[in-house]
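See below for the structure under consideration.
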Amino acid sequence: MSKTFSEKVKDVVAAIPKGQTMTYGDVAKKVGNAKAARAVANLMAKNYDPAVPCHRVIRKDGTLGGYNRGGVTAKRKALVTEGALIE
DNA sequence: TAGTTGACCGGAA
DNA sequence: ATTCCGGCCAACT
Numbered sequence: 059m060s061k062t063f064s065e066k067v068k069d070v071v072a073a074i075p076k077g078q079t080m081t082y083g084d085v086a087k088k089v090g091n092a093k094a095a096r097a098v099a100n101l102m103a104k105n106y107d108p109a110v111p112c113h114r115v116i117r118k119d120g121t122l123g124g125y126n127r128g129g130v131t132a133k134r135k136a137l138v139t140e141g142a143l144i145e
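Throughout, the numbering used here is defined as the position within the first sequence, counted from one, plus 58.
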């Protein structure tokens, strides 16, 4: 297995169940680098992939963090629509 | 090649 | 409870 970091992140985020939210740190852990939470966020921010529901990835504090697809408002609405609680 | 940036996290003040 | 500081990783300039 020799997928790049971004490929792994894409796979992990795409595997998040609907209505479920995961933190960047958890995604990083799934990828293999538990301390790469910043790197995961960096990939989402600069290279968003429509096949990856990044809106299901939030901060550990419970805040949404950010969204490059319409702002945090659209992200929160999408999560509520799926059935995820925000805070 | 080296330095800066960022949708982070955890611990200390 | 909130605010500040350091660390860690990949991409960008």
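A virtual CB, placed ideally from N, CA and C, is assigned to each residue, including glycine.
- The closest CA to that of alanine 132, considering only Thr62, Pro111 and Ala72, is found on Pro111.
- Spanning the alpha carbons of isoleucine 74 and lysine 135 requires a straight line of approximately 17 Å.
- If you ignore the 5 residues before and after arginine 127, its C-beta comes within less than 7 Å of the C-beta of Tyr106, all in its own chain and listed in chain order.
- In the structure shown, valine 98 adopts helical secondary structure according to DSSP, grouped into three states.
- For valine 67, the secondary structure class from DSSP, reduced to helix, strand or coil, is helix.
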